[in-house]
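*Asks:* Mind looking over this structure? Questions follow.
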Ligand code: ACO
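Given below as C-alpha cells:
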C-alpha cells in the first residue's frame, strides 16, 4: 500500500506584531471585546507579498525533510490572497525555490484550503501520479482588509505554512479525509476581488461580507459532521486521537467543537491568540507549533477540521 508521509514541515510568521490595543487606537474596539469574543490577542502583519511567505515556509519544509527542490514533482499553494491572479502563486514559489521539475497550481477553498490540498495531494500520491508534493497555505489578509470595519479588521492576520508529502510504504500521513462544500451558503462569507469592474469602482478595498453567527453555526455543524464521517471511515473514535488541530477562526468556536466531539481538555491545539485567523495558513502553522511544543509527537494520531468561504468544510485523520 502507498501512503503520503509528511516528511517535512515549516512555517513563516512575519515579525511585525499588531496587538488588540494597537487596533483600538484607530478603531472603536477594545482588547477586552476582541479577547472575549474571539480569543485573539495579537496578529502578524506582513511587509512582503504572500508568495514570499509561501517561499520561506516551503524552504523550511524542504530543509526539514532534507529534500532538494528539484525532486519535488508538484506544488499546490492554497490561498485566497495571491499576489497575482495570473500567473499563479505556485509558479512563483517554483521559480523562487528552483523546483524546476514540478507541476504547480493554486487552490482556493478559502480557510479550508490546506486540508483540501492535503486531501488531493495524498490522493495523487496514493494513485502513483506524484511522488513528492509540496503543499503550502499562505495568506496576506491584512493587505485586503477594510481597516475602517471593526467587525472584520480585528479577526485576521498574515502567515504561511508548508508540508512536504512523500510517497511511502509507512502507514502514516492523511489516512482518511472528507471534504465538502455547502454552496447554498456562499453568500454568508464572501470577498469580492473586484474582477467585476463593471459593478463598482474598484478602489483597492475589497467588499468583505460575512455573517459571523451564521458562519459559526454552520461551521460547527459542518466540521462535526466531517469528523464523524472520518471516524466512520476508519472505525476510530475520539479515544484514539492524541490531538485535535482545527482551523483557528474563533476560540469560542474551537472550544464548542471540542466539547461537541468530546475531545478531552488540553488535547485541542489553540494558537489563535498569537496570529488571529490566517485562513489557509492556520492549519500548517498550528501543526508546526504543535510539533515544536511537543503537543504532537511522531506516531501520534491527529484529527483536523476546517471550514471557510464557500462554505467549504473538511476533516482529516492524520498519523504523524
Ligand atoms: N469591537 C467592538 N465591538 C464590536 C466589534 C469589535 N471589533 N465587532 C463587532 N462589534 C459589536 C457589534 O457592532 C455588535 O454591536 P451591537 O450589539 O451594538 O449591534 C456587537 O459587537 C455584537 O456583534 P456580533 O457580530 O453579534 O458578535 P459575535 O458575538 O457574533 O462575534 C464574531 C462576532 C467574532 C465574528 C463571531 O460571530 C465569529 O467568530 N463567527 C465565526 C467565525 C467567523 O465568522 N470568522 C470570520 C472569518 S470566517 C472563516 O474563518 C472561515
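Residue numbers (the numbering used here): 174 to 493. We treat Cβ as the ideally placed atom computed from N, Cα and C, and that holds for glycine.
#1: The ligand ACO and residue 358: does the residue's C-beta get closer than 7 Å to at least one heavy atom of that ligand?
#2: Quick one: what does DSSP say residue 444 is sitting in, helix, strand or coil?
#3: What would DSSP say about residue 475, mapped onto helix, strand or coil?
#4: Taking residue 461 as the reference, give the member of 237, 438, 422 and 204 with the closest Cα.
#5: Taking Cβ positions, are residue 353 and residue 312 nearer each other than 8 Å?
#6: Taking the alpha helix (DSSP H) that residue 457 belongs to, which residues open and close that run?
#7: Taking contact to mean at least 3 C-beta pairs separated by less than 8 Å, is the stretch 229-244 in contact with the stretch 191-202?
#8: Any idea what DSSP makes of residue 193, helix, strand or coil?
#9: Taking 7 Å as the cut-off, is the CB of residue 482 close to at least one heavy atom of the ligand ACO?
#10: Is the beta carbon of residue 227 closer than 8 Å to that of residue 186?
#11: Please confirm whether residue 468 and residue 416 have their CB atoms less than 8 Å apart.
#12: Just how far apart, CA to CA, sit residue 422 and residue 342?
#13: Would you check if the distance between the CB atom of residue 483 and the CB atom of residue 359 is smaller than 8 Å?
#14: Closest to residue 433 by C-alpha separation, out of 247, 273, 398 and 317, would be which residue?
#15: Terminal residues of the continuous alpha helix (DSSP H) containing residue 313?
#16: How about the stretch 239-248 and the stretch 200-215: do they share at least three Cβ pairs that are nearer than 8 Å?
#17: Would you mind listing the alpha helix (DSSP H) stretches within the stretch 260-299 that are 4+ residues and don't spill past its ends, in chain order?
#18: So, does the stretch 441-461 touch the stretch 292-300, judging by three or more C-beta pairs under 8 Å?
#19: If you run the structure through DSSP and keep just helix, strand and coil, what is residue 496?
#20: I need the straight-line Cα distance from residue 316 to residue 408, nearest angstrom please.
#21: Closer than 7 Å to a non-hydrogen atom of the ligand ACO - does that hold for the CB of residue 354?
#22: Going by DSSP, which residues form a beta bridge with residue 336?
#23: Suppose you measure from the CA of residue 430 to the CA of residue 207; what does that come to, to the nearest Å?
#24: How would you write the range of the alpha helix (DSSP H) that residue 389 sits in, first residue to last?
*Replies:* On the basis of the coordinates in this document:
#1: no
#2: coil
#3: strand
#4: 237
#5: Taking 8 Å as the Cβ cut-off, residue 353 and residue 312 do not qualify as a contacting pair.
#6: That run of the alpha helix (DSSP H) goes 455-465.
#7: Contact between the stretch 229-244 and the stretch 191-202 is absent, because fewer than three Cβ pairs lie under 8 Å.
#8: helix
#9: For the ligand ACO, at least one heavy atom lies less than 7 Å from the Cβ of residue 482.
#10: no
#11: Residue 468 places its beta carbon less than 8 Å from that of residue 416.
#12: 35 Å
#13: yes
#14: Taking only the C-alpha atoms, the option nearest residue 433 is 398.
#15: It is not in any alpha helix (DSSP H) - residue 313 instead sits in the beta strand (DSSP E) that spans 305-313.
#16: no
#17: If we require 4 residues or more, the alpha helix (DSSP H) runs fully inside the stretch 260-299 come out as 262-270 and 286-299.
#18: no
#19: Nothing can be reported for residue 496: it is not among the residues displayed for the chain, which extend from 174 to 493.
#20: Cα to Cα, the separation comes out at about 43 Å.
#21: no
#22: 182 and 308
#23: Cα to Cα, the separation comes out at about 20 Å.
#24: 385-407
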